[in-house]
Amino acid sequence: MDIIIKIFYAVISITVATVWGLTLGGIVRKTYARVHKRIGPPLIQPFLDIIQTHSRRETITHGVMFYLGPVFRLAGGLGTYLFIPVIFGSVVFGNFSMAGDLLLVMYFIFFGQLGMALGAGEGGHPYSPLGIARGLSQMSAFELPFSLAVISIAIQYNSLNITDIVAAQQGSILNWTLFTNPLAVMAAMISLLGMNMHSPFSLVLAPQEIPIGPPIEMSGSFLGILQTNRAIFASAKLVLFMNLFFGGAAHPNVLIALIILMIKTLGIYMFSVLIGASFPRFRPEQSFRFFLKWPTLIGIISVLFIAYF
Amino acid sequence: MLSPLYILILGLAAGFLLSPIDKAGRKLSLTVFYFVLTFNTVVMAVRFIDFAFLGAAPLLIQTAGFQAPLSINLQLGLVESFVLLFSNLAALLAGILLFKKFKENSIATMILYLILVMSSNGLVMTRDLFNIFVFIEILSISTYALTFFNNKDKSLISGFKYLLAGGVSSMFLLLGVVFVYYYSGSLNIDFIKAENFSHYQTIALFLLAIGVFIELKPFPANGWALDVYESVNSGIGSVIAVVNSAAIFFAFYKIVPLLPHNMQNVFGIAGIVTFLFSNLLGLKQENAKRLLGYSSIGQMGLLVAALIFTQNSPTRLVYLIVGGFFLNHLIAKAGLFWISSIVKESNINRWFVMNKHKLLPLLFGIFIFALAGLPPFPGFWAKWEFVKILVQGKMYLTLSAVLLGSLFELVFLFRWFIKTLKTENTQPLPKIEFSKLIAPGLFGILAIVISNIIMRYFYSFNILYALPVLAVLFFFLIDFLPSKLKAIISMLSLAVYSYYLYPFESKIQLFFGIIFLAGSAVNLISTFNRKGKSKGFYGFLMMMIFSFGNLIIAQNYLEFFLSWEFMTIASFLLILRGRKAEKASLMYMMFSAAGAYLMMAGFALAPDISGQLPLILGMANVHLPLISIILLAIGFMIKSGSLGVHIWLPEAHAEAEADVSSFISAILLKAGVFGLLMIGISYIKSTPSFDVFYWIGWIGVFTALVGAFLASFQEDMKKLLAYSSMSQVGYIVASIAMVTHLGWVSALYLTFNHMLFKSALFVAIAGIYIRTNTRMMYKMGGLIKRMPLSFITVLISIIAVSGVPPVSGFGAKWLIYTSFIAKGWYLQAAVLFFASAVSFLYLYRLIHTIFLGQLKYEHQEVKEAPIWFIIPQYIFLAGIMAISAFPSLIIKPLNAIAVQYFDSSIIMEGYSIYSQLGHWNGGLVMLVTMGVFITPLVILLLLNGKTQKVKQFNIVYAAERPESPQTTHIAHNMYAHYRKALGAWGVPRIWNFWHGASEWAHSLANNIRQIYTGNGQTYLLHIILYIVVIYIGSGV
């Protein structure tokens, strides 16, 4: 019985995350459009997209791995989300965070990447691996400052358990990691730009450079699943950042907590969106070098600072 | 029994009478000739057995009816009979080898030969100084004459130089004899009271000693000797190297007790200098006989040093060391000269003409390995004990010189060996007559027999430690059987061996037993695929596997080191079997040997282990000095391919045969890990002042990072996996270096995991190589359609390597990061995170370039990997899945091991593991992952309607048509942009460093050997100057 309830709660949690993620996507497109002096698509466009892609009557596939690619991807997104406790103290939104700590979440992010890489590779396009190669290289680069930030807060809170980290940030806004360990947050937020793959780090799927590949070869439900995943995965990352650096979402009333969550994640997301809208794209070697220089340095300083002061 | 005096009498008589006897027919004189030689040998053999086993007293023979010192007396004791037995045996065998030459040349050659042998006997036995001089003269004269044996101009010239040099040295010798007689009043060694010599009078002793010493050909006053070795007939060369040198060495041995202490030391140092520089100069030498000359001179130098520096040690040890070196040199050097006379090629690069012969390469190998000081041959034991004595005497500079010289020797010997064995041979030797093979063959057998005697009687080893050698011999005997039968025999013997070993005393031994033995057993399955007979393969393979096992149960340093060396030899020979493995195997041997020498020194510096505990347990009570820890750690880290000494690793893995690479990567590297754990166990109780392990930790961490990067840039799939191994073992090394509970649990977990997934990967890759016949990944692609089983293996294995949950790799990563952060090694943890992220690059590259993308034309019909490769892969996969689903299956036992050394830092409840920082529930992760995977899959299946499967090549291509599968697969230089981004960090500095060091050594050798101008007068000048230098150095 317990497990059925748990699964039920998980479904609710996922649904909320999906809806919010898609909404965020819609907000972003509207924002981009307005910045470019266009009207832009309606806010519910992402929902319409998903309904549209799933309604296609025929799709093509190149084989088992191709078929499984989007599944891996979505599994990665869902899994990542499910291992993060979304709302502090809530049973419904606690997810499966007892299965593992921050390390599990960090590594599960790779699960989806790997799966998608395999699926795209199976597509047979020569440019897919090019994009994947760039994506993996970039990922390795931004992991460095991110891991330094994670180590820094692990030292600070003496725990890798996300729930404990959120608990330590309660009390007042000044308890947020943003204020108690600003260097770590800085390093992490710069990594976030890489994670979200917006400009200036959008070379991975740069449409002008890689005109063929997964977005074209995958159609129909495959594409729908990928788009759904985009929403969930984005939500997961944002919730993770919120928990680690911005005090988490904690309120005795679940609905108010949800609203706090939405506001905070919107803020974090707009951070990367606004930077993305304003900057052009880096070349591959520029983006790697960028991550390995200043953000890493900030990360190292934050670790040393926390460890020895 | 016949008095040894008869040897001299018979020799002289035969010498005089051979000329008239020859008139009656060559056959008769040959009979007499060989009879005398045999007689000498038999007499000495009987006497030696008397002295050695029946406890007879030394024999003192008076001559001329008077007692000494009025007359000359001869002494024949244990040592004399030992030297003379082997010296006469060598002379006899050389005589047999030269049978044809003796038959055809004038009778003078036989006479001279007999005189030479007789005088060497006399030189060893006599106790009278002047007699020594006379015998040296007789020996020299007969040798000079014999240098003209092959009637070439070069021999005449070198013989003449020999004459000149010998003349000078005898002059000094005679002067010394005269003055010693003058000051002491006696010519008999036993009656000279050298302690009573005043300061001036010791000059006489100096002259005496240097007169003999020059004859031993010290560096740099030995140019004449090298020219002689280069130009004489090989049989005579062997006699000079072995019989002459033995006799003169013994003469020196008799004189040494007369010399004052500091003079002795100077000669010892001179010996070491000779050893070091002869071997250095040998590096550039390409003429086979001259090279053997360098080696002989070097060995004599080592012998002199061994003689002088072991004077205060127990007799038993002195016999082993000096006797061991002596015998080693005698057998190996004579053997090699004899082979040289069979092969008849003057350039070492042309010796490959022998490699199709059935017996010669084997004999050649035995002699080379013996000369290199590898077990089981006598030189190994001698060197081990000698190193211990040098360390006890705190003679560190000498020790370094000995080890460095040995390393140089190893370089040229193995270069020769490898070139001989591996070069394509289109002109095999004509049939060799049996008489020529007797001599080297007998000596080959003798080498093995003596090694066995030393092992059993001197050290009283358990038969287990000889098992590697017995395995090689056994498989050599059954080499004619088909490969599959030998594979079955191997499996059975491994099973029996494991069963015999099984009651291990501790869990950690059981753990490594499983890794070494069970891992080898599963890998053995893949060798069933071999066709034909695979000659030599199973012998070496079992030698390696048995040495792995012996490492675990070794109870003292020597047993451990012995097994370690056997392991190195076996793996070297296995790697050598690869098609283009010359450079790789040489590099492997060099680095392993250097590591082994460091380990030898490290063990010698460590306090003695007594007791019956296996070493891995006994180390807990040993306090290792800092220098010992550093030396041993470097030695072990070389074996694990740590950063800075890793350049052998990719070459060895790549060039070894397909099924061998898996053994090397998955199991051999773990031997280094085992060693580091041993040091770690000692480290726990007795941490030295300087925290070595902290720096080892950093090295491990950077090894992980650099290995991951290097792997990403490889085109060759085996090199990619090799660098991946380097990276993963870097993680293990860093974890051990933490010396904490969680650190060791993670290290052991990763060791086990690595064995599983790296074996699976290498076996899969081997299967792919067998089918596609290429190692370059960009030549493949799209193989998922044709080789789905291999694909699944590689897929799950790379997920395991990367650490993505829910497969077992994540457990390793969780343990490692938690342990690093808990220990406080924050920056190291960050570097590991980075390395982990970079590892995705090469893992993806591996699976994508081979399996995904477009299938090339030539692979349209490729079959799945052979069944014998599929089976072990899936066994390993099953292991991976088992510990992924049930992590506590492995973590509980590992925890039980680690708590023997530390307090536990984790709590295990059911499926969850709690550390001070976080938690992980392996079972739940697996369930959730399966849930989130199956759910979308089901949704997709339901929603997807009709899917149409299209051909791989049917892709949307932005308004063009793709040209062909060959050009539609991005694989070559896949991470070019990353390489560009790394910029100056991408330069192969370490590779350049080691190659530079090698080049530097060779240049130095080349420059120094310019002193050998070929001009006899220059050589005389060298001799005189040398005498002056030694004189000044001896402080007289």
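Listed in order, the protein sequences are those of chains A and B. Residue numbers for the first sequence follow our numbering, so the first one is 951 and each next one is one higher. Residue numbers for the second sequence follow our numbering, so the first one is 126 and each next one is one higher. Ideal placement from N, C-alpha and C gives every residue a C-beta, glycine not left out. Quick caveat, the model's predicted, so the values are computed rather than measured.
Any Cβ of chain A closer than 8 Å to the Cβ of B:K1105 would place that residue at the interface, and such an atom is present. For the set A:L1205, A:A1186, A:R1239, A:A1199, the Cα lying nearest the Cα of A:T1113 is the one of A:A1199. With a beta-carbon spacing of about 13 Å, B:F1001 and B:A891 fall beyond the 8 Å limit used to define contacts.
Under the three-pair Cβ rule at 8 Å, the segment 299–319 of chain B does not count as touching the segment 338–352 of chain B. A:V1189 is outside the set of residues whose beta carbon lies under 8 Å from a beta carbon in chain B. Under a 10 Å Cβ-count criterion, B:D733 is classified as exposed, with fewer than 16 other Cβ atoms of the shown protein chains found around its own Cβ.
Three or more pairs of CB atoms, one per stretch, sit closer than 8 Å, so the segment 1132–1148 of chain A contacts the segment 1075–1093 of chain A. Within 7 Å of the CB of A:H1004, the CB atoms of chain B belong to L1068, in sequence order along the chain.
If you check the CB distance, B:Q410 and B:L416 come in under 8 Å. In this chain, B:N198 is not harboured by any alpha helix (DSSP H); it is covered by the beta strand (DSSP E) spanning 198–201.
Beta-carbon to beta-carbon, B:V157 and B:L143 are separated by about 6 Å, close enough to satisfy the 8 Å threshold. Here the C-alpha atom of B:A679 lies approximately 15 Å from the C-alpha atom of B:M580.
Under the three-state reduction of DSSP output, B:K1071 falls in the strand class. Rounded to whole angstroms, B:M425 and B:S245 show a C-alpha spacing of 16 Å. Closer than 8 Å to the CB of A:A1067 there is at least one CB belonging to chain B. Think of a sphere of 7 Å around the beta carbon of A:Y1057: the chain B residues whose beta carbon falls inside it are G928, V929, P930, F935, K938, in chain order. Residue range 559–578 is occupied by the alpha helix (DSSP H) that includes B:N577.
In this structure, DSSP gives B:M667 a helical state, which the three-state scheme calls helix. In the DSSP assignment, B:T251 forms a beta bridge with B:L199. The beta carbon of A:I1010 sits closer than 8 Å to some beta carbon of chain B. Runs of the alpha helix (DSSP H) lying entirely within the segment 132–184 of chain B, each at least 4 residues long, are 151–178 in chain order. By DSSP's assignment, B:E1034 forms a beta bridge with B:S1037. The beta carbon of B:P1061 sits closer than 8 Å to some beta carbon of chain A.
Taking a C-beta distance under 8 Å as the contact criterion, A:P991 and A:G975 do not qualify as a contact pair. Where A:E1008 is concerned, the enclosing beta strand (DSSP E) starts and stops at 1008–1011. Under the three-state reduction of DSSP, B:I186 is assigned to strand. By alpha-carbon distance to B:A596, the top candidate from B:F637, B:S531, B:L666 is B:L666. DSSP places B:H1147 in the uninterrupted alpha helix (DSSP H) bounded by 1141–1158. A check of alpha carbon separations from B:V478 across B:A781, B:I975, B:E510, B:F542 identifies B:F542 as the nearest.
Taken atom to atom, the span from the alpha-carbon of A:G1085 to that of B:K1105 is near 16 Å.
B:W463 is not bridged by DSSP to any residue. CA-CA distance, B:S267 to B:N275, rounds to 15 Å. Rounded to whole angstroms, B:F1118 and B:S790 show a C-alpha spacing of 24 Å.
B:I1016 sits close to B:V870, with the two beta carbons spaced by under 8 Å. For A:I1175, the nearest beta carbon of chain B is closer than 8 Å to its own beta carbon.
Residue-level contact by beta carbon fails for A:D952 and chain B, as no gap is shorter than 8 Å.
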